[in-house]
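Going by UniProt numbering, 535 is the number at position 535 of the first sequence; the sequence numbering is gapless. Glycine included, C-beta positions come from ideal geometry on N, C-alpha and C. Here is the structure we will look at.
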Amino acid sequence: MTPEAFIAKWQNSKIKERAAAQEHFLDLCRMLGEQTPAEADRDGIDYGFEFGATKTTGGRGFADVFKRGFFGMEYKGTHADLTAAFAQLQRYAVALNNPPLLIVSDVGTTIRIHTNWTNSVSRIYDIPIAELGDPEKRGWLKAAFTDPDALRPKQTRQELTEEVAGEFARLARSLRDRGHEPEPVAHFINRLVFCMFAEDVKLLPNHIFTQMLERALETPEEFVDFAGQLFAAMRSKGGRVGFERIAWFNGGLFDDDTVFVLTRDEIRIVYKAAQHYWGDIDPAILGTLFERGLDPDKRSQLGAHYTDRDKIMMIIDPVIVEPLSAEWEVVRTEIEGFIAKANQARGGAGTRAFNQARAALDGFLQRLSQYRVLDPACGSGNFLYLALRALKDLEHRAQVEAEALGLPRTFPRIGPEAVLGIELNPYAAELARVSVWIGDIQWNLKNGFAAAENPILKPLRNIECRDALVSWVPDTSFAGGKWVSAEWPIANAIIGNPPFLGSRKMAPAMGSQYVSALRKIYTRTVPKGADFVCFWFAKAHSALRGSTERMGLVSTNSLSNAASRQVLRDLFTDQYPIAVWRDEPWTVSGAAVRVAIVCMSSEPVANPMLDDMAVDEIHSDLRSAGTTRGADLTLSKPLRENANKAYQGVVPRGSINPTDASRLGLPNGDFAVSAAQAREMLVAPLNPNGRPNTDVVVPYLIARDLAQRPSGRFIVAFGTMTEREAAMYELPFNHIAPVKLHRQHMAQPEALTTWWQHWRPRPEMSAALAPLTRFIVTPRVSKHRLFLWRTHPILPDNAVVVVAREDDVTFGVLHSRFHELWALRMGSTLEDRPRYTPTTTFQTFPFPHGLTPDIPSVVSMADDAAKHIAHCAKELNQLRENWLNPADLVRREPEVVPGYPERILPINEEAESFLKKRTLTNLYNERPAWLHHAHEALNEAVAAAYGWPADLGDDEVLARLFALNQERGSEGHADAL
DNA sequence: GATCCGACACGAA
DNA sequence: TTCGTGTCGGATC
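Now the structure itself:
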């Protein structure tokens, strides 16, 4: 069929019968050269007329025509107009699997394609029948059948929102620059945003807001008056502007009609923004965007709360959607049973069964409408907005499916009252209200329902602006009051992303009074040193003990670190994990952070998910039981035999940071000495006390020297000498004179009394190292767990962990996979990189029997297994040293004084640049075969010492080590951490 | 009196 | 400007 023939046949025809609509569609297929449903799909499952039609619905389907994954189509037919036909399609889009395109037609005049992608802005393709001769317009139709993506608008909703909100940020800045306070500015801008949205979704008539702006552009001085009138009209029932009736908005957003005086340029910004279509903006990101504009320097509170949609859904799905969907499945099966009974039975019994079906549906809808979701740190409301949408989707799906079973449809009941929020920042709280409202209205419109009216916005008291953790209760009897634990409204689900604030940063950020009140109130549930998020976890925990069903919170991944673990341990004792992600990258730019997500239920859950994998059980260290045969490694005990062997290095604290130094007008003094100066001191004549400077000027070892190339630093270290003793060493003592000035400005006054000493001189470490010919060092944070040898008088920095042993056996055991696995599991992390923590890692590690660190190395060397380990360890170390410094590329020079480690210098520039790449981090990144073999040999030797097979799986190794730890630590006391 | 951490920090590519 | 990889100070117990 040619387009001309199609036009001739159908133009201006008005058809009432459905059969004619089908003929129209078949002709359309013929014209486009597309298969008809009968040609393509005999079963009519993926492509056909009257999709979803059942006996009970009387032959009416969810759509007149349906092609799965392509479109749903509805003819005007019985509908009043195309808008009504479109609304019908929207209402059943869920039942049609949300096709990307929704097409409506009135047969004789127009075919209209609406795009229906969730995350793209919406677009309408209008195709008048008369213009089907136009290849472009026919192409649109053809695309609907073959390639809907070709019709997808390029711009995503997020991009749209960024664009429009970006302009508003400019306005906000402009107002702030004129000295207005941020909160009134935010309130005002929120109002403007809502007006634009309302205008574009036709809640405000006749583009009245744009009209107002146009007039104000002519006479800027009247803007205040114009806008004030509009706001006043929106605030009151039956309000008008001129002749236009204005709908009633009552959400607190318009509770006053304060308007800022805007310059013409500023009005132009608003006008330009209003030219965009605001109906599709994504409320989830409004908060961040505005905040960026309001306070570009301070990424405070609000932006910090920003969580992207995918992360939020990782919580909303298991906490809200999955359990409620499961409930619905049960109810639906019940309803199916009743309906089947109703269809079989006649008369009274049939009616009774039908009423039972209705009651079952009503019961479920009632449950849904009473379901409450609380976000106790709701920020700008992203979680609440998405939770509300999820609940509305669930209700809608239940309604549509029930209708397909033959039950009458009722109006959706779920609205913004379903979500409860608590937020400290008033601006964020208000933005949350606006987001939730916009989300609610958008959902209604997208699914073919009108927005609620009279009023359109109700005051959202369920989003409260207050502290979520403590509240101040005034006591009139003594004109004071006290801090008490804040009440949380009762909710079925608790979700959110509490602010991340390390325990050490709480006092500076929140005020020490607040923090001590907080700590006092939560002494029983939140241990000292726990991260700020732990308070939210503790409160959610107590809610779960009450009537709350499920919770899901985001935290930094440091939650599984030592101090915060207690809160999780408590939580896991009587609640059940649903889904846990222990280490997820964070996506917001500017914050390099990793997070843990923890979703819990008050009811037992079969097969919880850990990092997207179903597991039998999850422990409070956020590990699965399967990995360690049910062992909870957090219960590992410190072992006495490992005591006093591992140390962190010194903390000099001789200089404050350069910024502070310049602020105070002080020279940046330091204990550090340049290599050249150090050598001068080392070779200087003996001091008045008859001693050389080698006593107090030593090579300084930082972590980077281990994982990367050695930096050859020196430092002045007086240990625990008295000032009198230290002053004997003239050159070094003069060198550190500036330290005294810095110490005067330190927060700790005691730092001044021993100013010539390092802040932490670690005398016990020096004492432990002094008798040794060499000692073992490892970087505290490094990608690979590396152990190296160093010799006296090198002084390790606090970023280096030292093990005071000089035997190859200990070195070998530490560098074996057994200790590496243990260290990975027991240590903490800095972002995604493991961190060696001596107390939880070294202290608890069970060395092979007879090779424990409390036994002198000579004794252990009597053991064959020990000899083997020593041999492998020596081999590994030698190979690595050769690789690090190939003999033909370096020359070794003695230091200027005897007893100091020799200097390793590249022979020429070429060698120098080559050696730059010879770092242990690089070596272990590449892991050449020889290195692999050396480690294999070592692992086998150590396995033999344990008396274990060499090929144990990682989990098995951990389980065995844990068992050994429990056995050895039985006489010690648990949890002496 | 040491420990543990960093909604990071900084140099290299 | 993004990527890769671990400093070093000091609040906090």
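| Asked | Found |
| --- | --- |
| Pull up the distance between the alpha-carbon of residue 513 and that of residue 524, whole angstroms please. | 19 Å |
| Is the beta carbon of residue 104 less than 8 Å from the beta carbon of residue 91? | no |
| Look at residue 373 and residue 407 and say whether their C-beta atoms are less than 8 Å apart. | no |
| Expressed to the nearest angstrom, what Euclidean distance is found between the alpha-carbon atoms of residue 69 and residue 35? | 16 Å |
| Ordered along the chain, which non-local residues of its own chain (more than five positions away) have a Cβ less than 8 Å from that of residue 949? | 943 |
| Indicate whether the contact test is met: 3 or more Cβ pairs, each with one atom in the stretch 167-183 and one in the stretch 134-153, closer than 8 Å. | no |
| Return the CA-CA distance between residue 869 and residue 876, expressed in angstroms with no decimal places. | 10 Å |
| Three or more beta-carbon pairs under 8 Å between the stretch 473-483 and the stretch 358-372, yes or no? | no |
| Give, in chain order, every unbroken run of the alpha helix (DSSP H) that is at least 4 residues long and sits entirely within the stretch 778-807. | none |
| Which of the three DSSP states is assigned to residue 475 in this structure? | strand |
| Please report the residue range of the alpha helix (DSSP H) in which residue 533 lies. | 533-545 |
| Whole angstroms are fine: how far does the CA of residue 176 sit from the CA of residue 189? | 12 Å |
| Please report the distance separating the alpha-carbon of residue 458 from that of residue 546. | 29 Å |
| Quick one: residues in its chain with C-beta nearer than 6 Å to the C-beta of residue 41, no 5 flanking neighbours on either side, listed in chain order? | 47 |
| So, residue 82 versus residue 115, is the Cβ gap smaller than 8 Å? | no |
| I'd like to confirm the pairing. Which residues does DSSP put opposite residue 482 in its beta bridges? | 473 |
| Could you pull out every residue in the same chain whose Cβ sits closer than 8 Å to the Cβ of residue 19, ignoring the five residues on either side in sequence? | none |
| Excluding sequence positions up to five away, which residues of its chain have a Cβ less than 8 Å from the Cβ of residue 24? | 10, 15, 75, 105, 107 |
| Look up residue 1018 in the DSSP assignment and give the residues it is bridged to. | In the structure as shown, the chain begins at 1 and stops at 977. Residue 1018 is therefore absent and cannot be evaluated. |
| Can you check which of these residues, 561, 456, 490, 430, is closest to residue 465 by C-alpha distance? | 430 |
| Within 10 angstroms of its Cβ, does residue 504 collect 16 or more other Cβ (buried), or is it exposed? | exposed |
| In whole angstroms, what is the alpha-carbon distance linking residue 566 and residue 344? | 59 Å |
| Would you mind listing the beta strand (DSSP E) stretches within the stretch 875-936 that are 3+ residues and don't spill past its ends, in chain order? | 890-893, 903-906 |
| Based on the DSSP secondary-structure assignment, which residues constitute the bridge partners of residue 581? | 597 |
| What are the boundary residues of the beta strand (DSSP E) that residue 493 is part of? | 493-496 |
| I'd like the list of long-range same chain contacts for residue 369, defined as Cβ closer than 7 Å, with 5 residues on each side in sequence excluded. | 413, 414 |
| With DSSP as the reference, identify every bridge partner of residue 465, one or two as the case may be. | 423 |
| Counting pairs of Cβ atoms below 8 Å between the stretch 600-613 and the stretch 922-937, do you hit three or more? | no |
| Count the CB pairs spanning the stretch 253-271 and the stretch 221-230 that are closer than 8 Å, and state whether there are at least three. | yes |
| Does the pairing of the stretch 755-775 with the stretch 887-900 give three or more beta-carbon distances under 8 Å? | no |
| Could you tell me the boundaries of the alpha helix (DSSP H) in which residue 330 lies? | 322-344 |
| Determine, using beta carbons only, whether residue 700 and residue 691 come nearer to each other than 8 Å. | no |
| With burial defined as no fewer than 16 other Cβ atoms inside 10 Å of the residue's Cβ, what is the status of residue 51: buried or exposed? | buried |
| Which residues does DSSP list as the beta-bridge partners of residue 114? | 102, 124 |
| Tell me the DSSP bridge mates of residue 649? | Residue 649 is not bridged to any residue. |
| According to the neighbour-count rule (16 or more other Cβ atoms, all chains shown, within 10 Å of its Cβ), is residue 389 buried or exposed? | buried |
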